[in-house]
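Residue numbers (my numbering): -5 to 425.
Just so you know, even glycine gets a beta-carbon here, dropped at the ideal spot from N, CA and C.
Structure record follows, encoded as structure tokens.
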């Protein structure tokens, strides 16, 4: 999943979309003959366009595809009105991790059930993406990839301050969240403050989220899992003890830490030991922004199993071409032959377990000093719990991170930050 996307806006595609579905929002498309061999596809990522052009079209020459690309932050506001009205809907569309569950939970009213094709392929599909795409026992989406997260660290810094750069040995220093804090102190002490464990406290959010036992909402009531409470304490500790670089994720300073060019608040050079990133973080964040550090990185599991990102594919409930829509989704998310070719070419970790097992032992990543990251990512994906994902996560987590920041920076006490967070969730979401 790429963070930077190209924007495509074409009036012709919009016009074509107006003919792709009818206005009837009730009933099911199951058993109907397709009205045409034309599919209108909407997405927020050019990755899906590449899969369609490079793999789907050559194997489905009888299907015409009209593709529309919209920036991620604008995609829901484009999709919501047409799904609500039933006018101008795409046949097939992509859903990003940040908002996929929102649509899955609206699946009975808006999305084409995919239970039949899932039954055909469920034995070879990774578990957590399918749990995310399931609501009340029905499957409404499929994903071609998994996006487990890992801890990427600088080999040179690990050797200098921990005495080893071997992933299995370094894992012992970051094996859980408490040990991670101890290692942060060790790095600071041994480096005289010149080596920070992370550049941004926000890097720790996903691992802590992955350590949860409960979702945000249980029986229509807000729940703050102990892992989230500990995340607040961790953010405060990292900041107060100068264990982090005091920069924000995706900022210039955050990227500088990857290159070894970060400076502290006094202008002194500091090094960053690790970044917590998912599968796509290797290819689209580290390799893209810090090519000069190639070979000086390695990867281990880190303190908790987590995932970050991913793309699901769904179809409109009343598409006039349900059979072609289902076939496209089934092919793109599950086909063995194409996914093997795609994975070998791109390095993307696919959600097809048969393909994973066939190719995982044949990878050697130069950027990671020859380490086989692929096999490890496949193993990490097994430990991810997709059942905790809810449609309100994005809104709740945005408010929660505001509270964490206010507490970490000393702007509010922990009690006040949490009280304000709870009040905001109650007023905006009713929990």
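For the alpha helix (DSSP H) containing residue i, name the first residue and the last one.
i, result
"residue 397", "387 to 402"
"residue 71", "69 to 79"
"residue 372", "367 to 375"
"residue 264", "First-last for residue 264: undefined, no H or E at that position."
"residue 163", "161 to 165"
Identify whether residue i lies in helix, strand or coil by the three-state DSSP scheme.
i, result
"residue 422", "helix"
"residue 281", "helix"
"residue 275", "helix"
"residue 101", "helix"
"residue 178", "helix"
"residue 256", "coil"
"residue 59", "strand"
"residue 416", "helix"
"residue 206", "coil"
"residue 37", "strand"
"residue 405", "coil"
"residue 233", "helix"
"residue 192", "strand"
"residue 120", "coil"
"residue 137", "strand"
"residue 158", "coil"
"residue 410", "helix"
Could you round the C-beta distance between residue i and residue j to whole angstroms and report it? I think they count as a contact, below 8 Å.
i, j, result
"residue 211", "residue 381", "With a Cβ gap of about 13 Å, residue 211 and residue 381 do not count as contacting."
"residue 87", "residue 308", "6 Å"
"residue 221", "residue 202", "5 Å"
"residue 122", "residue 329", "Not quite, the Cβ-Cβ distance comes to about 20 Å (not below 8 Å), so this is no contact."
"residue 256", "residue 185", "Not quite, the Cβ-Cβ distance comes to about 13 Å (not below 8 Å), so this is no contact."
Would residue i and residue j be called neighbours here (beta carbons separated by less than 8 Å)?
i, j, result
"residue 292", "residue 362", "yes"
"residue 61", "residue 94", "no"
"residue 302", "residue 200", "yes"
"residue 419", "residue 393", "yes"
"residue 356", "residue 29", "no"
"residue 345", "residue 140", "yes"
"residue 304", "residue 144", "no"
"residue 104", "residue 425", "no"
"residue 246", "residue 254", "no"
"residue 124", "residue 347", "no"
"residue 129", "residue 90", "no"
"residue 270", "residue 198", "yes"
"residue 209", "residue 370", "no"
I'd like the span of the beta strand (DSSP E) that includes residue i, first residue to last.
i, result
"residue 148", "143 to 148"
"residue 108", "Careful: residue 108 lies outside any beta strand (DSSP E) and carries neither H nor E."
"residue 89", "86 to 90"
Whole beta strand (DSSP E) runs in the stretch 287 to 374 with 3 or more residues, listed along the chain? For the stretch 287 to 374, whole beta strand (DSSP E) runs of length 3 or above, ordered along the chain, are 291 to 294 and 305 to 309.
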